[in-house]
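In this note's numbering, the protein residues as written are 3 to 627. Cβ atoms here follow ideal geometry from the backbone N, Cα and C, with glycine treated the same way. These numbers come from a predicted model, not from an experiment.
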Ligand SMILES: Nc1nc2c(c(=O)[nH]1)N[C@H]1C(S)=C(S)[C@@H](COP(=O)(O)OP(=O)(O)OC[C@H]3O[C@@H](n4cnc5c(N)ncnc54)[C@H](O)[C@@H]3O)O[C@H]1N2
Ligand code: MOO
Ligand SMILES: [Mg+2]
């Protein structure tokens, strides 16, 4: 959806909320954020800017990062009073209103109302729907109005008028039919709100039924990844953060460039700006220097034929000039003339065009991008101080097993220190999640249930390690199954064969669950190849694993029919090409070889033995988020 530069959006949140028991409707939580935030998210991409009309809790609305305008009329005078306040402050030709309790409003609301209004040369256009066999349903608060009609509206209000359609007779008002009646649905009662606010995740069975030959006990890696991808849902809440704080966060909406970058044609070199027509075909020519342009100090001259201007890199090209000759290519003739030889420059050389980096109105960054240093710079180059990002994902994690001890505890016979919580901590931190470390949970059904419920009530996703294989004390699986829609897989891979995946719920809160295997290398491999992508999706980002190809330094034994992940060290061969060798023992409990590795060699399902010199897929650890 393109932004409509001629339209300002206004969210009408100025009511008393009587039907919701005097609560402020726009601030009611719905699917993880306030209703007004939903409306904002849908409206913002359609218009040049959005403001909110509210008469109470102004600071809370302002926290959404947009201007908040109360009615100018006293006493909760209804939606027209909000519209009036909006029209009075509107900087564009049109104002588009939408109520704060309509979180599903159509993504093409602005475009369609504007097209109809223009086609019929109307002053005001509002939405209507008609379901088969029912009466037409007008939706007058979804309204596009010419801001210039303000005096007519103000007069109607001053005379005591309050009805939405009461002033239509004085302006040319038209109805615009939309097909999807649900899109205009507003939520009037708290019950209705809560009944809609249930997760929309599909059932696992619905997802797995789409796979032919689905066998949870022999599931190919690609199928498991596909199921997980189809099942997880992104968090929807958006927050506006200062540019620097956006580093590593996921962009929630396209950033549209408000300006051309660069703003002017400018020089790419320190030299002389000249007219291409003056370049000699043979021999040499003499050009008079009529001034100097510094970067940031444009000069209001237009060199004529036979003239040029000294110019610095970044300096605005003077009118009529289309080329810049670097100063080292000219012969000086004092300070007021240069000599240019034939063949050293083509017309058009060393000129940077206005908008060649970014054109005003084009998307500089796309929604879903994880913001990197270059992106910070790009946004800064547009003069934008704050950006909308998805809220951080909250991930709770714990280790299971009676044999586990925490650092600081004595290591009695048969016990081991818990390392998984540290590797998981590291991987989650690098992903940029908010983490909740829940420690070690004993192999005890009540303790496990308590931990899973508490994780579920406090986080969007849960990661556990251990207890997902077939051992006698592995109660984890029973409890997980009892709390939700969870499946237990044996995946055709090594390491990381057992995996529990699904969604559990407790006291009305839901969370996605990844039950990773306990072995210290298996837990990391399962995280990288399953949980990582899923968590990124939940964060609103799409970041597939960055695999690259390298030559295998030695032979690797590999059975076809399962995916194997081998720890490797990637270096460069004598010919400078990437080359990988496998680290020592590949046992799934041996963390040392994981720590020595800088990458994993991915040997796919169908692949057999690898000979020295064969090319293989490699996943680098460095740079892996
Ligand atoms: N009969 C079978 N036995 C096993 C199978 C199988 O298919 N049939 N699968 C094996 C595979 S593969 C794996 S992987 C493990 C997975 O076991 P669990 O997820 O049930 O994990 P645990 O039994 O709790 O622990 C396994 C192993 O890892 C150590 N561990 C666990 N948590 C931690 C931690 N936080 N820090 C350090 N080390 C940890 C634990 O002490 C065990 O040695 O099952 C195989 N068995
Ligand atoms: O998952 Mo286990 O051997 O694959 O550690
Ligand atoms: Mg076990």
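query                                                                                                       : result
Near ligand 2: residue 521 beta-carbon under 7 Å from a heavy atom                                          : yes
Helix, strand or coil at residue 429 [DSSP, three-state]                                                    : helix
Start-to-end residues for the alpha helix (DSSP H) that takes in residue 650                                : Nothing can be reported for residue 650: it is not among the residues displayed for the chain, which extend from 3 to 627.
Sufficient close CB pairs (3 or more, under 8 Å) joining the region 346–363 to the region 263–277           : yes
Identity of the residue in 306, 343, 545, 295 nearest residue 315 by Cα                                     : 295
Distance cut-off 7 Å: residue 524 Cβ against heavy atoms of ligand 1                                        : yes
Nearest-angstrom Cα separation, counted from residue 402 out to residue 469                                 : 7 Å
Own chain, CB closer than 7 Å to residue 254, minus 5 neighbours either side, in chain order                : 240, 369, 390, 391, 392, 542
Residue from 125, 86, 427, 46 with nearest C-alpha to residue 10                                            : 46
Residues that residue 503 bridges to, as DSSP identifies them                                               : 489, 516
Complete alpha helix (DSSP H) runs within the region 352–423 (minimum length 4 residues, chain order)       : 375–383
Assigned exposure category for residue 567 - 16 Cβ within 10 Å defines buried                               : buried
Residue 309 - DSSP class collapsed to helix/strand/coil                                                     : strand
Inter-residue Cα distance where the pair is residue 104 and residue 44                                      : 10 Å
Contained alpha helix (DSSP H) runs [length at least 4] in the region 564–610, N- to C-terminal order       : 593–598
Any 3 or more C-beta pairs closer than 8 Å across the region 409–416 and the region 454–471                 : no
In DSSP terms, what residue 296 is bridged to                                                               : 299
Residue 10: CB within 7 Å of a non-hydrogen atom of ligand 2                                                : no
Coil, strand or helix - residue 458 by DSSP                                                                 : helix
Any 3 or more C-beta pairs closer than 8 Å across the region 151–168 and the region 74–89                   : yes
Nearest-angstrom Cβ-Cβ length linking residue 59 and residue 16, presumed shorter than 8 Å                  : Incorrect: roughly 11 Å between the Cβ atoms, too far for contact.
Cβ neighbours of residue 329 in the same chain (closer than 6 Å, five flanking residues each side left out) : 272, 273
Euclidean distance between Cα positions of residue 95 and residue 324                                       : 37 Å
CB-CB length for residue 173 against residue 128, believed under 8 Å                                        : Wrong, their Cβ atoms sit about 11 Å apart, outside the cutoff.
Where residue 278 falls: helix, strand or coil (DSSP)                                                       : helix
Proximity test, residue 188 beta-carbon vs ligand 1 heavy atom, cut-off 7 Å                                 : no
Opposing strand residues paired with residue 622 [DSSP bridges]                                             : 601
Residue interval of the alpha helix (DSSP H) (run including residue 157)                                    : 152–160
Cβ-heavy atom distance, residue 423 to ligand 1, below 7 Å                                                  : yes
Euclidean distance between Cα positions of residue 387 and residue 67                                       : 12 Å
Contact check, residue 322 vs residue 305, beta carbons under 8 Å                                           : yes
beta-carbon residue 564 near ligand 1 non-hydrogen atom, thresh 7 Å                                         : no
Beta strand (DSSP E) runs contained entirely in the region 102–177, provided each spans 3 or more residues  : 126–131, 139–148
Straight-line gap, residue 550 to residue 616 (C-alpha atoms, nearest Å)                                    : 14 Å
Start and end residues, alpha helix (DSSP H) containing residue 466                                         : Not the alpha helix (DSSP H): residue 466 falls in the beta strand (DSSP E), residues 463–467.
Among 52, 70, 134, 132, the one whose alpha carbon lies nearest that of residue 99                          : 52
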